[in-house]
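Heads up, the sequence shown is in the working numbering, so the first residue is 71 and it goes up one at a time. Encoded as structure tokens, the structure appears first; notes follow it.
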Amino acid sequence: MTGSNAQLSRLGGTIRQLDASMKSVSKFKELSRNTLVAKRSWKGLEVQVTALAKQMKTTAKPSKDLKAQFDKAKESAIKAKTAYLQKRDTLHVLSEEFKKSGKNIQSLIRDQDKLGASANRLRSQYSKLNFATKAYQSFSAKRTHFKSQLLETGALALTLGTPFKAAIDHESVMANIRAVMKFSDKKEDNDKGFMELGQGIKELSRTIPLSAAELAQITTSGARLDIKEKEKLLEFTEIVSKMAINFGMTAEEIGSAASKLYKIFGTKIEDLKEWGDTINHLSSNTTVEAKDLMAAMTIAGGAAKQFGLNVDQIAGLLNAFISLGKQPKKAAEMINGVLVKLQTASEQEDEFRETLEEIGIDIEELEENIKKNPHKALLDFFEILKKIDKHDRAGILLKLFGQGAEDDIALLLENSEVYGKVLDLYQFPLHNKRIDNNKKKAILK
């Protein structure tokens, strides 16, 4: 038993080290995001102060109201700058602490999902080995042969630096998949198909840091999508499981999210990889977590598809709003409302239609433009709103989209460069392979 207890101790120590590293990474990422948000807030207020100062300078006798606006904006900008500098200094101190400890924070961030997966594997094996150890202590007097069984359990344990691949019951893993599909009406052929599928899942578990049970859960999601070919199911499982690892999502979360998007956009399995690449690329180059972006897309995807936007375009739009500090669910619901109202402009209430006409938008032309080029029509609409004086724009947005949404849209319009950067991200360099040379030249001009 001494060897088993020592192994438990080593496993426990490794788990604590992994947990400590993951907490440090999460703290650093959260502070980085908060620092970026604080900086944007400060810069936005600085722009407002500059504009008010210019207005006062060009006005012979500035009104009390204008002076009050300037003083308030200046005070807010000072507070925002102080808040940003405090967060920046804290981030710098934390970075220095990582350097002194010999840890590479960027490397830890890149490997965070792998760390989490490894920690979960270790916890699972720790629990099993601990259970076996206690069972041995309880029954050793009655079952002398239990020692050999315990040694066999220990032989299956993950040694330090080697991931565990828990042994699972083949039939229990495949039960959920069998419940939703079959390969053949002939029992022999059907059983053979599931045996080969189960073997394929086990083989994937040797190269992907998820258990065979977790992979089978993803396979079940594919089966529910009416994917019947064994090779296609395994391809679906491999692509979606890699998304789970990269996005920091559980097998259940990613299976549900990927299935919803697959149903909404009615695409091919091969396109799943490009979706994953898009989301991962945006997440890696902005402050938005892939998990949050994926969650928002499942909410806004239906309205986006109906409007005519593709996966890249709705991902980019959601990324921009979330980058500006909006909660994923709220951002998605707000975009839903905007897209539905624009697409059904002629069926909206009088106030909505009259407000569109007030800002120079012909409803029939708008609906026709949406049919021809949905994304361009949306960008053109934002551009029209952006050109309106912001004092007038607030009332217009309120009449168009209601209370709450007007603030969110105004935020994007005032920070349109954020969406511009997102558009650049998903066009270059990730999607160059999708654009022929002539189109590339046209875009670059």
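Glycine included, every Cβ here is placed at the ideal spot set by N, Cα and C. Just so you know, these numbers come straight off a predicted model, no measurement behind them.
Taking Cβ to Cβ, would you say residue i is nearer than 7 Å to residue j?
i	j	result
T425	K469	yes
N246	T290	yes
I324	V310	yes
K157	A121	no
K361	M319	yes
E308	L274	yes
L331	G371	yes
V119	A147	yes
L363	N380	no
I271	A321	no
T105	L161	yes
I369	A402	yes
A385	T348	yes
G395	A475	no
My output table needs one value for residue i: the three-state DSSP class, helix, strand or coil.
i	result
N439	helix
D133	Per the sequence shown, the amino acid found at residue 133 is Ser instead of Asp. It is coil, neither helix nor strand.
F253	coil
N316	helix
E323	helix
E299	coil
R276	coil
N485	coil
G268	helix
W112	helix
Q397	coil
L101	helix
E359	coil
T152	helix
Q125	helix
G386	helix
G292	helix
N406	helix
Q413	helix
L331	helix
G371	helix
G336	coil
S281	coil
L106	helix
Q473	coil
L352	helix
G263	helix
L379	coil
Below 8 Å on the Cβ atoms is my contact criterion, and I expect residue i with residue j to pass it. Report the Cβ-Cβ distance as a whole number of Å.
i	j	result
L253	K300	Looking at the sequence itself, residue 253 is Phe, so the reference to Leu does not match. Confirmed, about 7 Å.
L483	L455	6 Å
A286	M244	7 Å
I440	A447	5 Å
D478	F391	7 Å
A143	L115	6 Å
Can you name, in chain order, every residue of its own chain whose Cβ lies under 8 Å from the Cβ of residue i, other than the five neighbours on each side?
i	result
T539	Within the shown structure, residues of the chain are numbered from 71 to 515, placing residue 539 beyond reach of any answer.
R423	A415, S416, I433
E100	none
I278	L285, E308, S311, K312, I315
K411	Q418, F422, L470, F471
A327	M319, M364, A365, M367, T368
K333	L295
Can you find the residues in the same chain that come closer than 6 Å, C-beta to C-beta, to residue i, ignoring five residues on each side of it along the sequence?
i	result
S354	none
A365	P398
F377	L409, Q413, P444
E166	none
K460	none
With 7 Å set as the bound, which would you pick, yes or no: does the beta-carbon of residue i sit closer than that to a beta-carbon of chain B?
i	result
D477	The structure shown has no chain B; it contains just one protein chain.
Residues in its own chain within less than 7 Å of residue i by CB, not counting five upstream and five downstream?
i	result
S393	T356, T357, V358, V488
E305	I339
S329	S291, R294, L295
S111	A150
M367	L331, I384, A385, L388
H215	Annotation note: pLDDT 46 at H215 (below 50); position unreliable, no value reported.
W345	L331, V381
G263	F253, S254, K300
* To do: Go through the segment 419-471 residue by residue and report every complete run of the alpha helix (DSSP H) that reaches 4 residues or more, in order.
  => 420-428, 433-442, 444-457, 460-471
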